[in-house]
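Under the UniProt record's numbering, residues 1 to 238 are what the sequence shown spells out, in order.
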Amino acid sequence: MTRSVTLELPVSVPENMPHLTTVKLWLHLIQAVCILLTVVMVAPIMAIEIHYYGGSQAAPNFTIFVSVFTFLIPVCMAYFPWAYARKNKFKKIGKFFLKPRTNIIFDTFDACLWCAAGISLTVHATKPTHCDLDSNMVKTYGDTYVSAWTSQCNLAKAAAGFAWATCVLWLASLTCSLIMLWTEKQLIRNNLKEQENNRQTSLEMVEESYPEHAVAPQDEETANTQAPPSHDTQHVQS
Numbered sequence: 001m002t003r004s005v006t007l008e009l010p011v012s013v014p015e016n017m018p019h020l021t022t023v024k025l026w027l028h029l030i031q032a033v034c035i036l037l038t039v040v041m042v043a044p045i046m047a048i049e050i051h052y053y054g055g056s057q058a059a060p061n062f063t064i065f066v067s068v069f070t071f072l073i074p075v076c077m078a079y080f081p082w083a084y085a086r087k088n089k090f091k092k093i094g095k096f097f098l099k100p101r102t103n104i105i106f107d108t109f110d111a112c113l114w115c116a117a118g119i120s121l122t123v124h125a126t127k128p129t130h131c132d133l134d135s136n137m138v139k140t141y142g143d144t145y146v147s148a149w150t151s152q153c154n155l156a157k158a159a160a161g162f163a164w165a166t167c168v169l170w171l172a173s174l175t176c177s178l179i180m181l182w183t184e185k186q187l188i189r190n191n192l193k194e195q196e197n198n199r200q201t202s203l204e205m206v207e208e209s210y211p212e213h214a215v216a217p218q219d220e221e222t223a224n225t226q227a228p229p230s231h232d233t234q235h236v237q238s
């Protein structure tokens, strides 16, 4: 009989957003799916360009690089916290990927990369030479070229849309990470304030319980009155 493992995760969420970590988990899973779909659409573009022109353009190449470079990041950010929370495995790695600062770094970095990929693919898809038919190629390859080149143009536009969608997903997960960091800072501040108040209350209770230990300030005039006379005073007899 299996037992469910319940752990107190090192992450803070607002009281009105109790499912924020679950939302962030699904965002990372959708990011991974979008990256795969982008690769599926960009790969034929590169294959068609290489087949007819001997090489692919910069935008598809850069997008493939971004896809390969960033694919494992959302997978790790989703899997390791889940394995730590549900299976009590990969504790160190799970805690690392649960830290708001770690998430902010990865979210910001990937959002910037996918924004650049979206811009490059948009420019590529809207450039006339990448969609218009080449008359020489039409004469050489006929309908095969026409069909393939039209397909790569449509795929480029769709890939640009998925690149922007992936960028938006990274911005959404970045927002979740910022909310978690802000909540963590607020909790730390409130805990420090509560500790200070408790310490002050304890000191006041000690003073009330043991008033004889309280040191009252001595009046300066009383101190001067009780001071012994100086031995340097000389009495002169007439």
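By construction, the Cβ of each residue, glycine as well, lies at the ideal position given by its N, Cα and C atoms.
Min CB distance residue i to chain D below 8 Å
i: residue 185; result: The question asks about chain D, but that chain is absent: this structure has only one protein chain.
Where residue i falls, given that 16 or more other Cβ within 10 Å makes a residue buried
i: residue 129; result: exposed
i: residue 151; result: exposed
i: residue 26; result: exposed
i: residue 196; result: exposed
i: residue 63; result: buried
i: residue 143; result: exposed
i: residue 215; result: Reliability fails at residue 215, whose pLDDT of 48 lies under 50, so the model's placement of it is uncertain and the value that follows must be treated cautiously. Exposed is the call here.
i: residue 135; result: exposed
i: residue 66; result: buried
i: residue 45; result: buried
i: residue 176; result: buried
i: residue 24; result: buried
i: residue 53; result: exposed
i: residue 118; result: buried
i: residue 192; result: exposed
i: residue 94; result: buried
i: residue 69; result: exposed
Integer-rounded CB distance, given that residue j should sit under 8 Å from residue i
i: residue 172; j: residue 124; result: 25 Å between Cβ atoms; not a contact.
i: residue 71; j: residue 48; result: 23 Å between Cβ atoms; not a contact.
i: residue 74; j: residue 98; result: Contact doesn't hold; Cβ gap of about 14 Å is too wide.
Continuous alpha helix (DSSP H) stretch holding residue i: start and end
i: residue 98; result: 91-98
i: residue 136; result: 135-141
Beta-carbon gap between residue i and residue j smaller than 8 Å
i: residue 146; j: residue 155; result: no
i: residue 102; j: residue 109; result: no
i: residue 169; j: residue 31; result: yes
i: residue 41; j: residue 158; result: yes
i: residue 100; j: residue 29; result: no
i: residue 163; j: residue 38; result: yes
i: residue 104; j: residue 187; result: no
i: residue 153; j: residue 111; result: no
i: residue 89; j: residue 83; result: yes
i: residue 121; j: residue 160; result: yes
Item to check | Complete alpha helix (DSSP H) runs within the stretch 44-85 (minimum length 4 residues, chain order) | outcome: 58-70, 72-82
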